[in-house]
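One structure below.
In my numbering, the protein residues as written are 280 to 875.
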């Protein structure tokens, strides 16, 4: 057993109330906090000695074995957190009738919950049992938990019908279980206080996401006056956005209607949802122009309208979206000059976004030199459009992590100033008309792990035999006959295609970051990946979150059990969407694009 900070206990010359993690009232121990203390092995016992204990926090260790039976003798305990450990066995907390907060999430606890609930319900306000191996029913165990406000039962193996009293809570999640039955409107009173409800990943007759709902959105959703997240993605809805009343819900901060069959114009009424921070309408069949009024959503942080049939130019009013961190408009039929007219009105509007994904549209025009003033950008994807002209050297002033301008009509020399973007990890310049000498200082991009300059047949120069550029494969330089490669890449097919040959077009996914909602307890993060990238883009997968954490391809394979059929949410023409669970408990949806 590794005792961690627990090893500092039992010092003969130091009173227990001075030991690490111990709090006292008088000479009685009332609190034990050894969270994140690198403790492993079985949990210490003799809890019967702590008759005055009110707080116990052992979270974030690798404690294994079962919960000691005498923990139930701590009858004054109000706060118990055993989350993020390796605790197994059944949950039996009989005797803890004063408990207000219980968190045993992310463990290996199994069996039913009947030994604990409703026995400890008297004062309970929050219970988090998520990401364990609980089984059995939840139908009646919480009936007498009248003070309960937050209940998370997600990612277990519960079966049977859902607890019918969940509508009186503030937050309820039972996603990723094996529950069945129907969710009837009668379960929701007129004074429903729910702010967060997640029933996804079950087998309900009326499961609200990842199902086959057809027709209009049900009126029931318009009753949720307190709800903050409304996630109805991956159904077959065709209408009802207005008639259901959901656009009148003033407290909605996240609205996700992606992967449905909505069509027609985007509702202008969305612009009245003043609390909206995340708007996700991707993978539908919306047509027409983006309403100018969307520029009034000044609290909006993420906007995803990708994979629709939208046309026209980006509204200039988008320059007012000063809180926007994520703009995803890929694979539509948008025209005009993209974001640049919206960013021409003043310095404040240059802070419009941290990530811009405009690939797969019909945008055109030249990139203005003012692009260098966009100092909050980290990722810029303009691939598969009709942009032309010289790429301004001011682009080297942007603090980019990803720059993809593939499959456009850019010409002139590649700006040497790109070599000054020290944090750049992905650079795709392929399938353009760049000419002149290849800038040697791109070799200074020490963080670069994905690079493509192929099919720019007029580029000349020499790739250094050492440094970052020498680490890439031959596919990064295909179709550049005047570019001299290191000798270890000489045996490559680097000649341009003939008039009778087509460039080998490969469809590969463009990965978009999950929407991170740090201010909530819910773990329903949305991670999607889709689209088209350059012909020769490396197959290395990187998924980049808004908080700058990076997941590798191996992480995604583990999260989806190697893209197991059991994890399939939906199959689309562009790929398959899988349900994933990251090691820290975050739930993600991953779209795996088809190549062909």
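The beta-carbon is built from N, C-alpha and C at its ideal position, and this holds for glycine as well.
- DSSP places residue 836 in the helix class (H, G or I) of the three-state scheme.
- It is roughly 29 Å from the alpha-carbon of residue 339 to the alpha-carbon of residue 843.
- Comparing C-alpha distances from residue 577 to each of 601, 683, 590 and 584 shows the shortest one belongs to 601.
- For the set 441, 405, 332 and 402, the Cα lying nearest the Cα of residue 417 is the one of 441.
- In the DSSP secondary-structure assignment, residue 365 is bridged to 343.
- Judged by DSSP secondary structure, residue 460 falls within the beta strand (DSSP E) whose first and last residues are 457-460.
- The residue among 402, 406, 389 and 474 with its C-alpha nearest the C-alpha of residue 437 is 389.
- Taking C-beta atoms as the reference points, residue 366 and residue 384 fail to come closer than 8 Å.
- 359 is the residue among 475, 359, 373 and 318 whose C-alpha sits nearest the C-alpha of residue 406.
- Cβ-Cβ distances below 6 Å link residue 586 to 561, 562 and 610 in the same chain, with the five nearest sequence neighbours on each side left out; the list follows chain order.
- Excluding residues up to 5 positions away in sequence, 594 and 596 lie with their Cβ nearer than 7 Å to the Cβ of residue 571 in the same chain.
- When the beta-carbon positions are compared, residue 433 and residue 450 stay at least 8 Å from each other.
- Residue state for residue 296 is assigned as helix, using DSSP reduced to three classes.
- Between residue 557 and the set 737, 762, 510 and 520, the nearest pair of CA atoms involves 510.
- Residue 420 has its alpha-carbon roughly 9 Å from the corresponding atom of residue 400.
- When C-alpha distances from residue 333 are compared across 362, 532, 768 and 301, the shortest belongs to 301.
- If you draw a straight line from the Cα of residue 512 to the Cα of residue 539, it comes to about 7 Å.
- Rounded to the nearest whole angstrom, the C-alpha separation of residue 768 and residue 847 is 40 Å.
- The beta strand (DSSP E) runs lying completely inside the region 399-424 and spanning 3 residues or more are 405-407 and 412-415, given in chain order.
- Distance between residue 326 and residue 294, taken at the CA atoms: about 18 Å.
- According to the DSSP assignment, residue 636 belongs to the beta strand (DSSP E) that extends over 634-636.
- Ranked by how close their Cα comes to the Cα of residue 751, the residues 727, 408, 758 and 652 have 727 in first place.
- In the DSSP secondary-structure assignment, residue 705 is bridged to 681 and 729.
- Taking 8 Å as the upper bound for CB-CB distance, residue 729 and residue 705 are in contact here, some 4 Å apart.
- The bridge partners DSSP lists for residue 717 come to none.
- With respect to residue 762, residue 738 sits close: the two C-beta atoms are nearer than 8 Å.
- For residue 423, the closest C-alpha among the options 641, 443 and 415 is that of 443.
- Excluding residues up to 5 positions away in sequence, 846, 857, 859 and 869 lie with their Cβ nearer than 7 Å to the Cβ of residue 839 in the same chain.
- Straight-line measurement puts the Cα of residue 742 at about 7 Å from the Cα of residue 749.
- Between the beta-carbon of residue 660 and that of residue 637 there is about 7 Å, and that keeps the pair under the 8 Å contact cut.
- Sixteen is the threshold: since fewer than 16 other Cβ atoms of the shown chains lie within 10 Å of the Cβ of residue 527, the residue is exposed.
- In this structure residue 713 does not touch residue 698 by the C-beta definition: roughly 15 Å separates them, more than the 8 Å allowed.
- Residue 447 is classed as buried because its beta carbon has at least 16 other beta carbons within 10 Å across all chains shown.
- Under the DSSP definition of a beta bridge, residue 380 partners with 358 and 405.
- Counting only runs that start and end inside the region 512-575, there is no alpha helix (DSSP H) element of at least 4 residues.
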